[in-house]
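Q: Residue numbers (the numbering used here), protein chains in the order written: chain A, 2 to 347; chain B, 1289 to 1506.
The beta-carbon is built from N, C-alpha and C at its ideal position, and this holds for glycine as well.
First, the structure itself, so that you have it in front of you.
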């Protein structure tokens, strides 16, 4: 405070020096009451100094207003600069890098490894893998995710990639409907994620076999494929990524739909940042998942399209699960499903 | 060429809210939208000050930078305008704005917030000057009539100054010298890259290259 006043005095003197002769006592001459001790109130310079020192995490100056709008009472919040840099530069880089990495990884797998083929069961026997409701939930999530990703990426790259091509009017209309549908489709996505979280959790706890499976990368790059249960370690991994990522993106997304005054600007900035970062991660993961679930591991697409898979395919990739199903320990239709692991009593 | 800026002398502002009312009336701003507001700091305590705040028409405007549909433009006078035809009401400009200037007509949750509305420095929008469409969306275009923003024109204590940045800074400097204190103009160090304080003379123009991210010039 005192340093500030000193600086101020120096600045003033620099300006006042030539004209001091006639104006130094002008105020007193006019009978104006002066209080040189008067302190600047919540000085902006002071605020910026505090912000630089990191003493004020949500650096803003708030006062009172007569209008019934709480957020209008914030006079100034320069911390938006960080979010601006993130929105304009940081998030674009994160999205671009993760997306390109995922595409490159998939392309490399396809060209150097090729799709993993399988031997069909000679008698054409098939085994039920997903019920209709499971598949519905999966495709509800998948379709809504793709739509959400496209409408969401429009907010990250649209201004750079699409707007120069289609023009302002078309891009504005497109983005407006993109925004509205993003906000609605989000709930379909949440519904799908919720179902899968609850219905598939029992098959997705990590166990000892998963460690072995992970160590050998599922035998994908040669070597014998380690045995797996209904879901192998990789599938379990994507399950948990979807659960936690889906939960995070749903919460931040819903928060961004609330009125700004509820969380405040800082809260909105954090919600937007988290939302877009989680989205970048999920998009990359889903690109890999889509490849491995279709071309990457042949025969696996049947599980989600037809609901049943070739018996030999199942024996190759999920022998422990096949064993259990065939020995009648687990029925897929109706009846209480038993957990693959004995679970402790609650 | 002038570089238009706002300057609120917090030593003079008496919190009469006339600027707020004048703005609402002149532009027939809908209910719930305040392009300008008066914020009182330390209300009721020693050292109380009031500041009239609206869009400061920043040198390198954060709103223009983060807008996902690039609806902002900056005139050669440095005035930040936006096109309501292009705006989709996402709210990002409010996240980025240091001064809380952007306003949204629909407070409803879940869907869109409606087209953003903010201070136009009484300079309308991208439409033809003072056309009915321009008035409907952005209010009166006083600048096209050779007038300054109404809020500052009718400020009874002349606390709120509008006009060429260099000119209003000179007026303010004279005041500071006469009274001997109060050298801080709220928002200047955040908004104006060329002149972080009225004590440092800034440029009298706004050049498109000042805006790193707002691609559109005048």
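1. Could you please tell me which residues of the segment 1466-1482 of chain B, in chain order, have their CB closer than 9 Å to any CB of chain A?
2. Which of the residues in the segment 175-207 of chain A, read from start to end, lie with their CB under 7 Å from any CB of chain B?
3. Is DSSP giving residue 1391 of chain B helix, strand or coil here?
4. Who does residue 1330 of chain B pair with in a DSSP beta bridge?
5. Which whole runs of the alpha helix (DSSP H) in the segment 257-336 of chain A are 4 residues long or more, in chain order?
6. Determine the extent of the beta strand (DSSP E) in which residue 1362 of chain B is found, giving its start and end residues.
7. Name the chain B residues whose beta carbon is nearer than 8 Å to that of residue 173 of chain A?
8. So what does DSSP say about residue 1401 of chain B, is it helix, strand or coil?
9. Report yes or no: do three or more beta-carbon pairs, one from the segment 1325-1337 of chain B and one from the segment 63-72 of chain A, lie closer than 8 Å?
10. I believe residue 1320 of chain B touches residue 1371 of chain B by the beta-carbon criterion, under 8 Å. Please report the beta-carbon distance rounded to the nearest angstrom.
11. What number of angstroms, rounded off, separates the C-alpha of residue 94 of chain A from the C-alpha of residue 279 of chain A?
12. Answer yes or no: do residue 1451 of chain B and residue 1440 of chain B have a C-beta to C-beta separation smaller than 9 Å?
13. Against chain B, with Cβ distances strictly below 9 Å, would residue 77 of chain A count as a contact?
14. So, with DSSP's three-state summary, where would you put residue 1295 of chain B?
15. List the residues of chain B whose Cβ lies closer than 8 Å to the Cβ of residue 252 of chain A, in chain order.
16. Out of curiosity, what's the CA-to-CA distance linking residue 267 of chain A and residue 81 of chain A?
17. Rounded C-beta distance between residue 205 of chain A and residue 241 of chain A? I'm assuming under 8 Å.
18. Please classify residue 126 of chain A: is it buried, with 16 or more other beta-carbons within 10 angstroms of its beta-carbon, or exposed?
19. Measure the C-alpha to C-alpha separation of residue 302 of chain A and residue 210 of chain A and round it to an integer number of angstroms.
20. Let me make sure I understand the geometry here. Which of A:197, A:132 and A:229 has the alpha-carbon closest to that of residue 323 of chain A?
21. May I ask you to report which of helix, strand or coil DSSP gives residue 129 of chain A?
22. Does the segment 1372-1379 of chain B come into contact with the segment 1290-1300 of chain B, if we say contact requires no fewer than three beta-carbon pairs (one atom in each stretch) closer than 8 Å?
23. Would you kindly check if the distance between the Cβ of residue 1487 of chain B and the Cβ of residue 1366 of chain B is under 9 Å?
24. What residues match up with residue 117 of chain A in a beta bridge as DSSP calls it?
25. Is the separation between the beta-carbon of residue 1434 of chain B and that of residue 1315 of chain B shorter than 9 Å?
26. Consider the Cβ of residue 1290 of chain B: report whether some Cβ of chain A lies at a distance smaller than 9 Å.
27. What in chain B is Cβ-close to residue 164 of chain A, meaning under 8 Å?
28. Just verifying my parser: in three-state terms, what is the DSSP assignment at residue 105 of chain A?
29. Once the 5 residues before and after residue 71 of chain A are set aside, which same chain residues still bring their CB inside 6 Å of it?
30. Going by CA-CA distance only, name the one from A:286, A:311, A:84 and A:260 that's closest to residue 244 of chain A.
31. Name the two residues that bound the continuous alpha helix (DSSP H) containing residue 86 of chain A.
32. Suppose the cutoff is 7 Å on Cβ atoms and the five residues either side in sequence are ignored; what does the same chain contact list for residue 216 of chain A look like?
33. Looking at the C-beta of residue 85 of chain A, does it have a partner C-beta in chain B at a distance below 9 Å?
34. For residue 1369 of chain B, which beta-bridge partners are listed by DSSP?
35. Measure from the C-beta of residue 1455 of chain B to each C-beta in chain A and report whether the shortest distance is under 9 Å.
36. I'd like to know whether the C-beta of residue 278 of chain A is nearer than 9 Å to at least one C-beta of chain B.
A: In short, the structure shows the following:
1. If the cut-off is 9 Å between Cβ atoms, the segment 1466-1482 of chain B has 1466, 1467, 1468, 1469, 1470, 1471, 1472, 1473, 1474, 1475, 1476, 1477 and 1478 near chain A.
2. Result list: 176, 177, 180, 181 and 184.
3. In the three-state reduction of the DSSP assignment, residue 1391 of chain B falls in the strand class, which pools E and B.
4. In the DSSP secondary-structure assignment, residue 1330 of chain B is not bridged to any residue.
5. Secondary structure in the segment 257-336 of chain A: the alpha helix (DSSP H) runs of 4 residues or longer, each lying completely within the stretch, are 261-292, 302-306, 312-318 and 320-327 in chain order.
6. Taken as a continuous stretch (DSSP letters only), the beta strand (DSSP E) holding residue 1362 of chain B covers 1360-1362.
7. Under the 8 Å cutoff, chain B gives 1357, 1359, 1373, 1374, 1375 and 1376.
8. Coil, per DSSP.
9. Put simply, the segment 1325-1337 of chain B touches the segment 63-72 of chain A. At least three CB pairs are less than 8 Å apart.
10. Between residue 1320 of chain B and residue 1371 of chain B, the beta carbon gap of about 22 Å keeps them out of contact (Cβ cut-off 8 Å).
11. About 14 Å.
12. At a Cβ-Cβ threshold of 9 Å, residue 1451 of chain B and residue 1440 of chain B count as neighbours.
13. By this cut-off, residue 77 of chain A is an interface position.
14. Secondary structure at residue 1295 of chain B: strand, using DSSP grouped into helix, strand and coil.
15. Within chain B, no residue comes near residue 252 of chain A; the closest Cβ sits about 15 Å away, beyond 8 Å.
16. Roughly 8 Å between the two C-alpha positions.
17. That belief holds up - the Cβ atoms of residue 205 of chain A and residue 241 of chain A are roughly 7 Å apart, short of 8 Å.
18. Classification for residue 126 of chain A: exposed.
19. Take the alpha-carbon of residue 302 of chain A and the one of residue 210 of chain A: they are about 24 Å apart.
20. Nearest Cα to residue 323 of chain A within the set A:197, A:132 and A:229: A:229.
21. Three-state DSSP puts residue 129 of chain A in a strand.
22. No: fewer than three Cβ pairs fall under 8 Å.
23. Contact: no.
24. Its beta-bridge partners are A:298.
25. No, these two residues do not count as a Cβ contact at 9 Å.
26. Not an interface residue.
27. Listed along the chain, the chain B residues whose CB falls inside 8 Å of the CB of residue 164 of chain A are 1357 and 1358.
28. Of the three classes helix, strand and coil, the one that applies to residue 105 of chain A here is helix, per DSSP.
29. Around residue 71 of chain A: 262.
30. Comparing Cα positions, the closest option is A:286.
31. It spans 81-86 - the alpha helix (DSSP H) in which residue 86 of chain A sits, taken as one unbroken run.
32. Closer than 7 Å at the Cβ level, and outside the excluded window around residue 216 of chain A, lies no residue.
33. For residue 85 of chain A, a Cβ of chain B is located within less than 9 Å of the residue's own Cβ.
34. Note: residue 1369 of chain B sits in a beta bridge opposite B:1361.
35. It does not: the Cβ of residue 1455 of chain B has no partner Cβ on chain A nearer than 9 Å.
36. Not closer than 9 Å to any Cβ of chain B, the Cβ of residue 278 of chain A fails to qualify, so no.
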